[in-house]
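Numbering (my numbering), first residue to last: 1 to 389.
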Amino acid sequence: MRELPRTPICDLLGIRYPIVQAGMGAPKGGPTTPGLVAAVSEAGGLGCLGAMGFSPDELRAAIMDIRQRTDRPFGVDLILPTRLPVGYESRDAARDAISREHPAHQAFREDLAGHYALPDAKMADSEVISPAQITAQIDVVLEENVPVFVAGLGDPAQVAEEAHRRGIIVMGLAGSVRNAARQKAAGVDVVIAQGTEAGGHTGAIGTMALVPQVVDAVGPLPVLAAGGIGDGRGLIAALALGATGVWCGTAFLFAEESGLPEVQREQLRRGMPDDFVVSTSYTGKPARQYKNEVVTSWSESGLPSLGMPLQTVLMDDFVAAAQAAGRFELTSNPGGQIAGMLNEIVPAAEIARRIVQGAEAELDRLDRLSAGLATKPRLASPAAAPPGS
Ligand SMILES: Cc1cc2nc3c(=O)[nH]c(=O)nc-3n(C[C@H](O)[C@H](O)[C@H](O)COP(=O)(O)O)c2cc1C
């Protein structure tokens with residue numbers, strides 16, 4: 001059996017396998033628990049906490065929790081929107097703006113809650129995404145000297161220099177070649193090229209087309225491939241496209257340690273690839289998620305997205321009401337197309353082990369294939385075929 005080779009990302013991050021578990025911060029505190037992050041790092045990959053929406057205290061506590069579980073490297077992923085409007089520093093300010101300026105959107109949310117007879121509930125204030133909150137989160141990441149910082153949406157330039165001064169490795173997500181070039185110019189150490197197949201916020205270009213173009217555009221910077229990678233075949237394909245490893249989100253939603261409600265796990269388990277659609281319904285930015293009734297109602301409403309953070313604030317109150325009623329099937333369930341292939345809930349270490357083992361089996365298969373190709377013609381030519389065959 002061939003052994004999965006170490007790649008440059010293994011040396012850069014101090015890990016055994018070129019597998020990074022993607023930071024997944026939505027729904028808040030759900031998928032990437034400290035237990036999941038530590039389990040992936042312990043298994044030889046890199047675990048990454050999705051900390052979107054965490055208060056600074058919650059973020060610090062989660063980092064400490066991870067450090068108590070493992071002394072291996074790990075990452076923290078934050079989203080850094082570049083164009084958050086000022087003036088929505090509180091959720092109530094954003095709610096006021098919605099009711100004043102977007103009554104049709106407010107009516108949509110209220111009608112929907114009425115349709116499901118949901119109780120009155122509101123999302124807590126501390127969870128609003130605002131420039132002040134993001135700045136405070138970044139301060140925690142820097143003060144805590146986390147080994148790896150990942151910028152989801154947005155521009156990491158504001159963080160890269162100080163992070164590097166502290167020895168923190170910086171990675172940035174890109175869904176297009178242009179964005180990848182911007183990430184490189186911002187000073188990241190690793191670009192994550194994420195194709196449209198991905199769960200969560202996503203662009204329009206497929207992984208197969210995006211990864212080699214990003215590799216060519218940002219080289220010699222290492223590139224992680226993301227979007228639709230969930231087994232060893234995907235890992236080997238990513239390496240063949242020029243990536244140095246993979247950034248897998250949806251695959252790790254199937255980990256025992258990921259903190260999803262059972263009904264959402266069931267949606268992921270049963271979903272076919274085309275059940276995971278791109279919608280602006282819950283956050284205001286295009287995000288791939290399980291197509292539940294809310295996603296359908298939003299698309300039928302014909303309303304334009306309010307963008308971030310107003311659409312998020314609008315729908316967060318619906319989500320809070322659905323959660324209060326235990327109706328988790330109505331809450332956002334981001335997931336990627338690869339979920340169609342996955343259906344078993346197992347420990348995170350087992351997911352990592354299966355990816356590695358599958359990749360090694362794939363290397364063997366490719367060896368056999370090329371040995372066969374070297375000795376046999378692929379197709380007998382008609383002239384060479386025996387008569388009557
Ligand atoms: C449930 C879920 C939540 C996510 N939350 C975030 C996030 O908070 N920040 C971020 O940068 N990316 C987020 N993503 C995107 C992932 O980091 C990753 O890029 C994506 O899952 C890779 O594609 P895959 O799902 O096909 O593996 C999320 C993805 C999912 C499925």
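Built from N, CA and C at the ideal position, the CB exists for glycine as well. Quick caveat: nothing in here was measured; it's all calculated off a predicted structure.
Taken from the Cβ of Ala198, at least one heavy atom of ligand 1 lies inside 7 Å.
Around the beta carbon of Ala226, a 10 Å sphere encloses 16 or more other beta carbons of the protein chains shown; the residue is thus reported as buried.
Residue state for Ser370 is assigned as helix, using DSSP reduced to three classes.
Take the alpha-carbon of Gly25 and the one of Ala94: they are about 21 Å apart. Counting only unbroken stretches of 4 or more residues, the alpha helix (DSSP H) elements lying wholly within the region 88 to 115 are 91 to 101, 103 to 115, in sequence order. For Ile338, the shortest separation between its Cβ and any heavy atom of ligand 1 lies below 7 Å. Of all alpha-carbon atoms in Ala113, Phe74, Ser41, Leu80, the one lying nearest the alpha-carbon of Ala324 is that of Ala113. Residue state for Ile134 is assigned as helix, using DSSP reduced to three classes. Taking C-alpha positions only, Gly358 is separated from Leu78 by approximately 31 Å.
Check the Cα spacing between Gln267 and each of Phe108, Gly335, Ile355, Pro222: the tightest is with Gly335. For Asp77, the CB falls within less than 7 Å of some heavy atom of ligand 1.
For Ala163, the enclosing alpha helix (DSSP H) has its first and last residue at 157 to 165. Closest option to Arg353, judged by alpha-carbon separation, among Val40, Thr33, Ile9, Glu58: Val40. Inclusion of Leu235 and Val223 in the CB contact set at 8 Å is not warranted, their separation being larger than that value.
A Cβ-Cβ contact shorter than 8 Å links Ala151 with Leu80.
Annotated as proximal: Gly175 and Thr202, with beta-carbon spacing under 8 Å. For Ile19, the enclosing beta strand (DSSP E) starts and ends at 19 to 21. Between the region 39 to 55 and the region 269 to 277 there are fewer than three C-beta pairs closer than 8 Å, too few to call the two in contact. Contact between the region 28 to 35 and the region 92 to 112 is not established, with fewer than three Cβ pairs separated by less than 8 Å. As the crow flies, the alpha-carbon of Gly307 is around 13 Å from that of Ala97. At a threshold of 7 Å, Thr33 does not count as near ligand 1, since its beta carbon sits no closer than that to any of the ligand's heavy atoms. Remark: the C-beta of Thr250 is in contact range of ligand 1, defined as less than 7 Å to any heavy atom.
One Cα belongs to Thr7, the other to Val190, and the distance between them is close to 13 Å. Remark: the shortest separation between the CB of Leu173 and any heavy atom of ligand 1 falls under 7 Å.
Under a 10 Å Cβ-count criterion, Gly47 is classified as buried, with 16 or more other Cβ atoms of the shown protein chains found around its own Cβ. Of the candidates Val218, Tyr290, Ala185, Phe149, the residue whose Cα lies closest to the Cα of Gly200 is Tyr290.
When the Cα atoms are used, Glu329 and Val294 turn out to be separated by approximately 9 Å. Beta-bridge partners of Gly200 (DSSP): Arg288. With fewer than 16 other beta carbons inside 10 angstroms of its own, Leu366 counts as exposed. Within the DSSP bridge table, the entry for Gln194 names Ala226 as partners. In this model, Pro56 and Ala180 are separated by some 29 Å (Cα to Cα). Taking a contact as a CB-CB distance under 8 Å, the pair Thr280 and Thr312 does not count as one, their CB atoms being some 10 Å apart.
Where Ile79 is concerned, the enclosing beta strand (DSSP E) starts and stops at 74 to 80.
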